[in-house]
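Each residue of the sequence shown is one higher than the one before, starting from 10 at the first, in this note's numbering. Positions of the beta carbon are idealized from the N, C-alpha and C atoms, including for glycine.
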Amino acid sequence: MTLTNTPRPEWLTFDCYGTLIQWDEGLKAVVGEILSEKGEHHVDANQLIEVYDRHEHRLEQTPPHRSFRELSSLALQLALEELGLPSLAEDSQRLAAAIPKMPPFAEVIETLAQLKAMGFKLCIVSNTDDAIIAGNVAQLGGHIDRVITAQQAGAYKPAPRLFDYAHEQLGVTRDETVHVCASPMLDHTAARDMGFRCVWIDRGTGRQLLPDYRPDATLSALDHVLPLFKSLGWM
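Shown next as structure tokens:
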């Protein structure tokens, strides 16, 4: 699929963590600190993150709906216990405090500024809580027009409810947006099931495409959307 011969969107929606904000880098750093404080060297950060991710994604789709702060705390506790490591309340507090401080990728702020100058409205759609993401949004140069979270919608990606809620709040249809994201598991699943246009930012993290879906465009960094959109006549 391509974006050729499709209408220019009024709104661009963005996944936040991994697309705009350095999630993998930040998560690895804080998990490394947690393991170091425990004096545990037989488990590395990547191993703990893999188990944490599995629990986090399962809990996001398991009733009852939990806040991301509560959900991430439980996922970390379960991951530590699964790996035979002690779990302390301070571990979850450290993780929750680290997420809002995770910085944007180097090209993000200038790219958002140029997209704004091109006349696009910019919205983040994220699997998080309002209070957590506020610290990340504050680092994005004031270019974000709206922030839609799982807390507001009462649902986590890839459930369609979060995107339906976002489109309702923006006053647009699925055909009037383009979504820019980094997660095949979450965002591509929603794009496949709902049929909205999707640009994948593949930063070389090893995330694999779904077997039955290909995004409308694949780029290696956010600033590559600028020549793409120019080539489509969207400026």
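Query, Result
"Using CA coordinates, which residue listed in Pro-167, Leu-121, Asp-196 and His-176 is at the minimum distance from Ala-230?", "Leu-121"
"If you draw a straight line from the alpha carbon of Arg-201 to that of Pro-169, how long is it in whole angstroms?", "10 Å"
"Do the CB positions of Cys-7 and Ile-157 come within less than 8 Å of each other?", "With the chain covering only 10 through 244, there is no way to say anything about residue 7."
"Within this structure, are the beta carbons of Gly-198 and Leu-219 separated by less than 8 Å?", "The question names Gly, but residue 198 is Thr in the sequence shown. In this structure, Leu-219 lies closer than 8 Å to Thr-198 by Cβ."
"With three or more C-beta pairs closer than 8 Å as the rule, is the segment 41-54 touching the segment 206-225?", "no"
"Could you compute how far the alpha carbon of Val-187 sits from the alpha carbon of Leu-94?", "42 Å"
"Can you tell me which residues form a DSSP beta bridge with Ile-30?", "Tyr-26 and Pro-113"
"Do Leu-149 and Val-117 have their C-beta atoms closer together than 8 Å?", "yes"
"Assign Pro-16 to one of two classes, buried (16 or more other C-beta atoms within 10 Å of its C-beta) or exposed (fewer than that).", "exposed"
"Please classify Ala-126 as buried or exposed, where buried requires at least 16 neighbouring CB atoms within 10 angstroms.", "exposed"
"Count the other CB atoms within 10 Å of the CB of Pro-73; is the residue buried (16 or more) or exposed (fewer)?", "exposed"
"With 16 as the cutoff for other CB atoms within 10 Å, does Gln-70 come out buried or exposed?", "exposed"
"By alpha-carbon positions, which one of Val-52, Gln-217 and Leu-36 ends up nearest to Asp-62?", "Leu-36"
"The beta strand (DSSP E) spanning Arg-155 covers which residue range?", "155-158"
"Based on the DSSP output, what are the partners of Trp-209 in its beta bridges?", "Cys-190 and Thr-227"
"Which residue marks the beginning of the alpha helix (DSSP H) containing Ser-101, and which one marks its end?", "98-107"
"DSSP three-state call for Lys-166: helix, strand or coil?", "coil"
"Under three-state DSSP, which class holds Val-52?", "coil"
"Taking DSSP as the reference, what is the three-state secondary structure of Val-134?", "strand"
"Counting only beta-carbon atoms, is Tyr-174 nearer than 8 Å to chain C?", "In the structure shown, chain C cannot be found, because there is only a single protein chain."
"In whole angstroms, give me the CA-to-CA distance for Asn-14 and Arg-155.", "27 Å"
"In whole angstroms, give me the CA-to-CA distance for Ala-143 and Lys-239.", "31 Å"
"What residues in its chain sit with their C-beta under 6 Å from that of Leu-241, if we drop five residues either side in the sequence?", "Leu-12"
"Return yes when the Cβ of Leu-87 is within less than 8 Å of the Cβ of His-64, no when it is not.", "yes"
"Since Leu-85 sits in a beta bridge, which residues does DSSP pair it with?", "According to DSSP, Leu-85 bridges with nothing at all."
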